[in-house]
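Enquirer: Right, I'll just put the structure down here and ask away after.
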Amino acid sequence: IATLVNTREKPIKTEKQLRAIQRVGQAVNLAVERFAAVGEAMADDNPEIRMEMYDACKDARAAGAMIEQMCDIGSDFESGQLQTYADRSGMVRAARALVPTVTRILLLADTVVVKQLLTAKER
């Protein structure tokens, strides 16, 4: 995320830079998708957190998709122009949206783990 935010301060000059930014955005979204899938699997097994976990996963996916979309960069190399559709402040907002949703998922997962540990200790 920091790389994406800092990249917006410098002009994009090459096709290689464009592809790198797109790959980073895609990688962030893919990582969020995988993380949310694990959270949803945990929610399926634990009805006490199910709805809250599903909401957190939905919000995380939306934030990840927003980051990928902000990294979607169009180019017109024939005319020598590069057009970015993402701005620095938008990337910061997207990152700020992602962090609390991931934190919520982690806290809910920790709640389940603590309950499992307490149950195992009582046996």
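Sequential numbering of the sequence shown, starting at 1440, is according to the working numbering. Beta carbons: idealized from backbone N, C-alpha and C, even for Gly.
Determine the burial state of A1559: buried for a count of at least 16 other Cβ atoms within 10 Å of its Cβ, exposed for fewer.
Expert: Along the sequence shown, read from residue 1 onward, the residue named residue 1559 stands at position 120. Exposed is the call here.
Enquirer: Out of R1527, G1478, R1562 and A1536, point me to the one whose CA is closest to L1546's CA.
Expert: Residue mapping note: residue 1546 aligns to position 107 of the sequence shown, counting from 1. The candidate whose alpha carbon is nearest that of L1546 is G1478.
Enquirer: Counting C-beta neighbours from all protein chains within 10 Å, is the total for R1500 16 or more, i.e. buried, or is it exposed?
Expert: Taking the first residue of the sequence shown as 1, we reach residue 1500 at position 61. With 16 or more other Cβ atoms within 10 Å, it is buried.
Enquirer: Would you say C1510 and V1463 are within 8 Å of each other, going by their C-beta atoms?
Expert: In the sequence shown, the residue the question calls residue 1510 occupies position 71. In the sequence shown, the residue the question calls residue 1463 occupies position 24. Contact: yes.
Enquirer: Contact defined as beta carbons within less than 8 Å: I believe I1488 pairs with A1482. What is the distance between those atoms, to the nearest angstrom?
Expert: Against the sequence shown, residue 1488 aligns to sequence position 49. Against the sequence shown, residue 1482 aligns to sequence position 43. Rounded, the Cβ-Cβ distance is 6 Å, consistent with contact.
Enquirer: Between the C-alpha atoms of L1537 and Q1461, what's the straight-line distance to the nearest angstrom?
Expert: Translated into positions along the sequence shown, residue 1537 becomes position 98. Translated into positions along the sequence shown, residue 1461 becomes position 22. Approximately 18 Å between the Cα atoms of the pair.
Enquirer: Got a sec? Which residues, its chain only, sit under 8 Å from Y1493 by beta carbon, not counting five neighbours each side?
Expert: The residue given as residue 1493 occupies position 54 in the sequence shown. Taken in chain order, the residues that qualify are E1479 and A1482.
Enquirer: Drop a sphere of 10 angstroms on the beta-carbon of A1533, count the other beta-carbons inside from all chains shown, and report buried for 16 or more, exposed for fewer.
Expert: Counting from one through the sequence shown, the residue named residue 1533 turns up at place 94. When all chains shown are included, A1533 counts as buried.
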